[in-house]
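2 protein chains.
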Amino acid sequence: MKPKVAFICGGGQFPLVAARAAQQAGREVFLLGLRGIASRDIEQFPHVWLGIGQLGQGFRELTSRGIREICLIGGLGRPEFSDLRLDWGGVRRLPEIVKIFGGGDDHVLKGVIGLFEHEGFAIVGVDSFAPELLACEGAMNGLPFPGALAADLEFGRKCLADLSAYDCGQALVVAGRRIIAIEAVEGTDAMLDRVAHLREQGRWRARGATGMLVKGPKSGQDLRVDMPAIGPQTVASAARAGLRGLAVAAGRVLILERAAIAASAEQSGLFLHGFAPETP
Amino acid sequence: MKPKVAFICGGGQFPLVAARAAQQAGREVFLLGLRGIASRDIEQFPHVWLGIGQLGQGFRELTSRGIREICLIGGLGRPEFSDLRLDWGGVRRLPEIVKIFGGGDDHVLKGVIGLFEHEGFAIVGVDSFAPELLACEGAMNGLPFPGALAADLEFGRKCLADLSAYDCGQALVVAGRRIIAIEAVEGTDAMLDRVAHLREQGRWRARGATGMLVKGPKSGQDLRVDMPAIGPQTVASAARAGLRGLAVAAGRVLILERAAIAASAEQSGLFLHGFAPETP
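Those protein sequence lines, which keep their order, are chains A and B. Every letter in the first sequence is one number past the one before it in our numbering, and letter 239, counting from 1, is 239. Just remember that our numbering sits 1000 ahead of the position in the second sequence, which is counted from 1.
Structure, rendered in structure tokens:
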């Protein structure tokens, strides 16, 4: 029998899709919903609600069910230290927790993973049981990647790679070897909305569909717990920004409901291209 | 007698301030206002209006007055090729002009400079006659740069330096070794407004005054024609974003009305610090 898997559930629909995919892959699932963050829909599955600081209880819930594999999934925002409302299990680990709150997102996640691994849990990525949730290589809809944009894609990828050292920049918009926008804290969809706005204002002037979103993980990003993602809003915002398409790292970007999103991109005239991971 | 200097005037108040400073430095000035872009206030000075594509007439206006030094100043936006309405002088230079419209901002400016230099004009920066318009080194108001932020400043500067290779990123906001926002096409003030918005939305959560703007030229940026600048709106936006201050490259960032801006920053509790150019 395949081992049980627990989902520590942040916000949004990803935890539900992932849990369903895990069930379809023959796994028994158990969901720990972060109170005030996870969707109430997790109650469709065996579950328990936890405050974000209730590490002690979390560990007990898992151990008592014989669960050793956990998957952290869904948006967390960035919890503020004062939101943690630590339980005793959390307080015991306070020195580590304090350390976690001193850097970028990547740093926070590495800290959280460390806490779980220290207790003997294995952290698994959603790709280990639901590879169909990831971008595949090449064209994902009927609009092939335009060869003329290859240099722009390379330019954008290199720029993202260089930004990795600063623990930021999962995505950018590039057009004609010009970087139109770079994502930091605002998120991909907000960045695309900015591009749409720049265009409406005439701050970025381009005729017809121009430019593309380039998105992929930062180098060194722990994909088990922090996989970049695109969703229906990403496609809608890219269309509003008047882009030609979306290029995402194959196998390294989550696409919830890939077929539907690929189709809706195509309807908006946007290619959806999975680029191969960099050859070193 | 000091040589005459001509200003090719883009938008905003910078051309006026620069022309006044040049007069105070004993220079005879002549302003070429770009039609639809430059402020009507340039008519306070000896001037002529030109369409952006009327290179031929521009060259004649300068030559007939015996002017060899020119200063390109003020915001241009990014002219669209179809806006150029080329005159015969422009048409003759069409091959070069077409080449100019294929890359980043830096590329456009290099091309424009090349056209002028090819005709024998010398391009001078505003710093050559009005150094008082530039950021100086160290504290520019009564709030000294907090030593605890030195690591953040270094982090932000390095990130900007790495982005230089992509002809973008004149400014960013950094807080606690975390990049909150990076400027691309939107401009510094819009980036700061985004940070204010992220904070209001709770997307970036920080207590009290936190983080700083770091701004300086891209490496290789031609400061004669493309000096980064901050103005009253920058200070207002930084205050709204709840930052602790502004750090700008000394001698490489224009501050229109430096004393007034430094004072208004201080009133908003913001330091205004000029950091020394990088030692190679």
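A virtual CB, placed ideally from N, CA and C, is assigned to each residue, including glycine.
Using beta-carbon positions only, say whether proline 1015/B and cysteine 1009/B come within less than 8 Å of one another. yes
Would valine 1214/B pass as an interface residue toward chain A - the criterion being a Cβ-Cβ separation below 8 Å? no
If we cut at 8 Å on Cβ distances, does cysteine 1009/B have a partner in chain A? no
Starting from glycine 1245/B, trace the beta strand (DSSP E) in both directions and tell me its first and last residue. 1245-1249
At 9 Å on the CB atoms, spell out the chain E contacts of glutamate 200/A, in chain order. Absent from the structure: chain E. Protein chains present are A and B.
Is the beta carbon of leucine 32/A sitting closer than 8 Å to the one on glutamate 69/A? no
Need the endpoints of the beta strand (DSSP E) that leucine 1134/B sits in, please. Leucine 1134/B -> no beta strand (DSSP E), and no H or E assigned at all.
Does the beta-carbon of arginine 157/A have 16 or more other beta-carbons within 10 angstroms, so that it is buried, or is it exposed? buried
Rounded distance between the beta-carbons of isoleucine 1123/B and arginine 1224/B, thought under 8 Å: The pair is a contact, with the Cβ atoms about 5 Å apart (cut-off 8 Å).
Does the pairing of the stretch 133-142 of chain A with the stretch 261-280 of chain A give three or more beta-carbon distances under 8 Å? yes
Should alanine 1299/B be flagged as near chain A, meaning a C-beta pair shorter than 8 Å? With chain B covering 1001 to 1280 only, the question about residue 1299/B has no answer from this structure.
Name the residue from Ala196/A, Asp167/A and Glu200/A whose alpha carbon lies nearest to the alpha carbon of alanine 184/A. Asp167/A
Residue range of the alpha helix (DSSP H) that includes valine 235/A: In the DSSP annotation of this structure, the continuous segment of the alpha helix (DSSP H) that includes valine 235/A starts and ends at 232-240.
Report the residue from Arg1244/B, Ser1064/B and Trp1204/B whose alpha carbon sits nearest the alpha carbon of alanine 1150/B. Arg1244/B
Report all residues from its chain with a CB closer than 6 Å to the CB of glycine 125/A; omit the five preceding and five following residues, and keep chain order. Leu223 and Arg224
Ends of the beta strand (DSSP E) at isoleucine 1070/B? 1069-1073
So, for alanine 1281/B: in the same chain, excluding its five sequence neighbours on each side, which residues have a beta-carbon less than 6 Å away from its beta-carbon? A question about residue 1281/B goes unanswered here, because the residues of chain B that appear run from 1001 up to 1280.
Measure from the alpha carbon of methionine 1227/B to the alpha carbon of each residue in Leu1034/B, Cys1071/B and Pro1046/B, then state which is nearest. Of the candidates Leu1034/B, Cys1071/B and Pro1046/B, the one whose C-alpha sits nearest the C-alpha of methionine 1227/B is Cys1071/B.
Host beta strand (DSSP E) of alanine 175/A (start-end): 171-175
Taking the C-alpha atoms as reference points, what is the distance between valine 1048/B and glycine 1147/B? 50 Å
Assign phenylalanine 45/A to one of three DSSP states: helix, strand, or coil. coil
Under 8 Å: do the stretch 1016-1026 of chain B and the stretch 266-276 of chain A share three or more Cβ pairs, one atom per stretch? The count of Cβ pairs closer than 8 Å, one atom from the stretch 1016-1026 of chain B and one from the stretch 266-276 of chain A, stays below three, leaving the stretches out of contact.
Using a 10 Å radius around the Cβ and a threshold of 16 neighbouring Cβ atoms, would you call glutamate 186/A buried or exposed? In the assembly as shown, glutamate 186/A is a buried residue. Its beta-carbon has 16 or more other beta-carbons within 10 Å.
Which residues of chain A have a Cβ atom closer than 9 Å to the Cβ of aspartate 1193/B, listed in chain order? Result: empty, since nearest Cβ-Cβ is about 11 Å, beyond 9 Å.
On the premise that arginine 252/A lies in contact with glycine 216/A, defined as a C-beta separation below 8 Å, what is that separation, rounded to the nearest angstrom? 6 Å
CB serine 1164/B to CB serine 1219/B, shorter than 8 Å? Yes, these two residues count as a Cβ contact at 8 Å.
Pick from Leu213/A, Ala38/A, Phe271/A and Gly51/A: whose alpha carbon is nearest that of leucine 172/A? Leu213/A
Using a Cβ-Cβ distance under 8 Å, would glutamate 186/A count as near chain B? yes
Alpha carbon to alpha carbon, how far is cysteine 136/A from isoleucine 230/A? Give it in angstroms, no decimals. 13 Å
Among Leu1115/B, Ala1161/B, Phe1121/B and Gly1208/B, which has the Cα closest to the Cα of arginine 1065/B? Phe1121/B
Alpha carbons only, please: which of Phe45/A, Arg27/A, Ile73/A and Phe116/A is nearest the one belonging to glutamine 285/A? What the structure shows of chain A is the stretch from 1 to 280, and residue 285/A is not part of that stretch, so it cannot be assessed.
By the three-class DSSP mapping on this structure, what secondary structure does phenylalanine 1145/B have? coil
Which class does alanine 6/A belong to by DSSP, given the choice of helix, strand or coil? strand
Determine whether the beta carbon atoms of leucine 1050/B and arginine 1027/B lie at a separation below 8 Å. no
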